[in-house]
Structure formats: structure tokens, C-alpha cells
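Participant: What follows is a single structure, and I will ask about it in a moment.
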Amino acid sequence: MNDKGQIIITEILFYILLSVIILSVIIYATETINDYQVTGINNRQLNKLLEDNLLTLTKTSGKPENWEKINTNKIETIGLKQTKTDMLDYDKIMRLKDSPQLLENHFPDGVSYVLMLYPKNNPNKREVIAQRGTFNNRKQIRAKNRTVIIDYKLKSTFLKNNESCPYEHDDKWSCITINVNENTLSNTKYYLLSDSNIEYILSNTYSDNITGQTQKTCINSQIMQLIKNDNQTIHVHTKSDTNNTYLVRDANNRERFIESVIKPEIYVLKLIIAV
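Going letter by letter, the sequence shown gives residues 89 to 363 in my numbering.
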């Protein structure tokens, strides 16, 4: 091959190498610009997306308000607030945990998120309620907390001493009257709950009574012994120095949360999102 041929080949190789370098620079520059644009959008919107969703979850009941009881295709938005209070609704939390995909409509495609709940005094006891995607190699991550109290749907009645009582006790005694039958007891558990040890008397309208002492106890078995007819009136008498005693009705088998009636546990709801 003569010198002229070698020069031509060298020039061709040079132009090929130069073209590869130029193409690489163009691709890199394009990706960098696109990445910058995406990051810029997320920087402006990510905080708002986080704040808006956490506000919706903790300050609204969702749409419709009873979404936890209806079919998925009829649900518009997810809110966890109990309808009549500022507490979070335990049933709504459990519905979202069972159907975590319900939260996907709250976030654009490409956004990863995790919603978790844990006791404020025990951050290691975290429970994931809903999650989508991972946080690996994410350029923007935001997190925000809200302290919340949960409504476990326990119906409680404060026992006070201004109700009529057939025993005519002194002022340290409180009395409440309930009407029950065997069917009621099969669906509902009744508890006496106090912040200190109390004396109690359960009586019916036939002068039968059962006495005891407790700080927390289920009284269904005692009530059953006192039932004499289909709609039995039961008098619940309690004596306490602190006068902080409740009759609690549990229709959902949530005994582990009974103490929350007197001492509501504070939880942290944490939302993390990333792009």
C-alpha cells in the first residue's frame, strides 16, 4: 500500500473516531439536560405532593366518607380521618393496608412512596400501610410525619355518680344501667376499665348481684349469670377513688386496644416519596 492509501485510511479512522466522540457528547448532553429538567420539576413539585397527600390522609375522611366499606371502583380519594373526630379511623387504616393499591391514584407514575405507622415512643415498631416502588438510585427523596391518635371503634361510657341507683350508695359509687340479652353478649364484649383498682357490683332487677374488684376485666360471663329474660336490665355499680372508670363495649374483638380509652397512644404516620 502506498503512502497515499495509508493517509486515506488514517483520515477515515480519524473521522470515525471523531464522529463517535461527537455522538457520545451529544447523547451525554441530552441526558444531562433531560435529567436536569426532570429534577427541576420534582424540586418544585415534590414538597407540595408530599404535603398535600399527608394532609388529605390525616385531615379528611376520603370520598365517599365511608370508602372503607364499599367496592374499590366506587372510591375517589383516600382519607383516614374518623368522620366525627380528628382521630384516624382504624377501619380505614386496615382497609388501606389490605388494599394498598388504593393509594396509587394519589401519586403520578414514576413516584415511589411508602406510608408507615408506628408508636411515637417505639419508632422501631413500624408497620407499612401502603407502598409502591423502591428508593434505590432515587435522586429526590422527601419525608414528612404527623402525630395521630387512632379511633378503634370502642364504645365507652364514663361512669358517673349522678345516675339513679337502686342501691343508694354514697358519692364514691357510680352507676350505669344497660339492657342486654344473650344475643347481645354473643356479639359484644363488655369491659370495666379504670386507671386504678375498683370495686364493682353487677345486679339485675331480681335482686341478684355479683361483686368483684378489678382494674380491667371482661364482665360478659357475670352478666350472663344475671340474665333472666329476653331484655334484661343490668345495673353496673363501681367504686373508685379516682372516679375515672368506663364501661367499654367492644364489638370488633379489639381487646388489645382497650387501654386506649383511658390513655390514647400517640402514633406517628410517616409518608416518604421519591422520584
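We put the CB at the ideal spot given by N, CA and C, even for glycine.
This one's a predicted model, so the numbers in the text were calculated from it and none came from an experiment.
When we look at the beta-carbon of L105 and count the other beta-carbons within 10 Å, is it buried (16 or more) or exposed?
Facilitator: Looking at its Cβ environment, which holds fewer than 16 other Cβ atoms inside 10 Å, L105 is exposed.
Participant: Output needed for K327: all residues of its chain with C-beta closer than 7 Å, excluding positions within five of it in sequence on either side, in chain order.
Facilitator: Excluding residues within five positions, the ones whose Cβ falls inside 7 Å are K260, W261, I286 and E287.
Participant: Name the two residues that bound the continuous beta strand (DSSP E) containing M55.
Facilitator: Because residue 55 is not part of the residues shown, which for the chain are 89 to 363, the question remains open.
Participant: Which complete beta strand (DSSP E) runs does the region 289-330 hold, if anything under 3 residues is left out?
Facilitator: As far as the region 289-330 is concerned, its whole beta strand (DSSP E) runs of at least 3 residues are 297-306 and 320-327.
Participant: Beta-carbon within less than 7 Å of K339's beta-carbon, same chain only, minus the 5 sequence neighbours each way: which residues are those?
Facilitator: First, the residue type needs correcting, since residue 339 is Ala and not Lys in the sequence shown. Cβ within range, chain order: N275 and T276.
Participant: Short of 6 Å in beta carbon distance, which residues of its chain neighbour I350, apart from the five on each side in sequence? Order them along the chain.
Facilitator: Correct list, in chain order: D283.
Participant: Which stretch, first to last residue, makes up the beta strand (DSSP E) that contains D338?
Facilitator: D338 -> beta strand (DSSP E) spans T333 to D338.
Participant: Whole angstroms is fine: what's the gap from Q219's alpha carbon to N212's?
Facilitator: So the alpha carbons of these two residues sit roughly 18 Å apart.
Participant: Can you give the Cα-Cα distance for P254 and L280, rounded to whole angstroms?
Facilitator: Using only the alpha carbons, I get a separation of about 20 Å.
Participant: Mind checking who E343 pairs with in its DSSP beta bridge?
Facilitator: BP columns for E343 are empty, so no partner.
Participant: Do L191 and L357 have their beta-carbon atoms positioned less than 9 Å apart in this structure?
Facilitator: No, they are not a contact pair.
Participant: How would you write the range of the alpha helix (DSSP H) that R183 sits in, first residue to last?
Facilitator: Note, R183: alpha helix (DSSP H), Y178 to D186.
Participant: Taking the Cβ atom as the reference point for each residue, do T231 and L138 lie within a distance shorter than 9 Å?
Facilitator: Reading off the sequence shown, one finds Ala at residue 231, where the question assumed Thr. Yes. Within cutoff.
Participant: Leaving out five residues on either side along the sequence, give the residues of the same chain with a beta carbon under 6 Å from the beta carbon of S244.
Facilitator: Only Y334, V336 and V349 meet the Cβ criterion.
Participant: Is it buried or exposed, Y294, if we count other Cβ atoms within 10 angstroms and call 16 or more buried?
Facilitator: Flag for Y294 reads exposed.
Participant: Rounding to the nearest angstrom, what Cα-Cα distance links G221 and V199 in this structure?
Facilitator: So the alpha carbons of these two residues sit roughly 8 Å apart.
Participant: Apart from the five residues on each side of it in sequence, which residues of its chain come closer than 7 Å, Cβ to Cβ, to D70?
Facilitator: Nothing about residue 70 can be reported from this structure: the residues present for the chain run from 89 to 363 only.
Participant: For the beta strand (DSSP E) that contains S274, what are its first and last residues?
Facilitator: Taken as a continuous stretch (DSSP letters only), S274 belongs to no beta strand (DSSP E), being part of the alpha helix (DSSP H) at E270 to N275.
Participant: Less than 9 Å between the beta carbons of Q320 and N267, yes or no?
Facilitator: Yes, Cβ-Cβ distance for Q320 and N267 is below 9 Å.
Participant: Tell me the DSSP bridge mates of K358?
Facilitator: Partner(s): M204 and N233.
Participant: Relative to the C-alpha of E156, which residue among S187, Y201, Y355 and H323 is closest?
Facilitator: Ranking S187, Y201, Y355 and H323 by Cα distance to E156 puts S187 first.
Participant: Can you check whether the CB of V236 is closer than 9 Å to the CB of L290?
Facilitator: Not closer than 9 Å, so no.
Participant: Could you check if Q313 is buried or exposed, using at least 16 other CB atoms within 10 Å of its CB as the buried criterion?
Facilitator: Label assigned to Q313: exposed.
Participant: Quick one: what does DSSP say I129 is sitting in, helix, strand or coil?
Facilitator: Low local confidence applies: a pLDDT of 45 at I129 is under 50, so the model's placement there is unreliable, with the coordinate-based value given in what follows. Helix at I129.
Participant: Mapping DSSP to helix, strand and coil, what is D197?
Facilitator: Coil at D197, not helix or strand.
Participant: When you compare the CB positions of L203 and Y355, do they come within less than 9 Å of one another, or not?
Facilitator: Not closer than 9 Å, so no.
Participant: List the endpoints of the continuous beta strand (DSSP E) containing F246.
Facilitator: Where F246 is concerned, the enclosing beta strand (DSSP E) stretches over K243 to F246.
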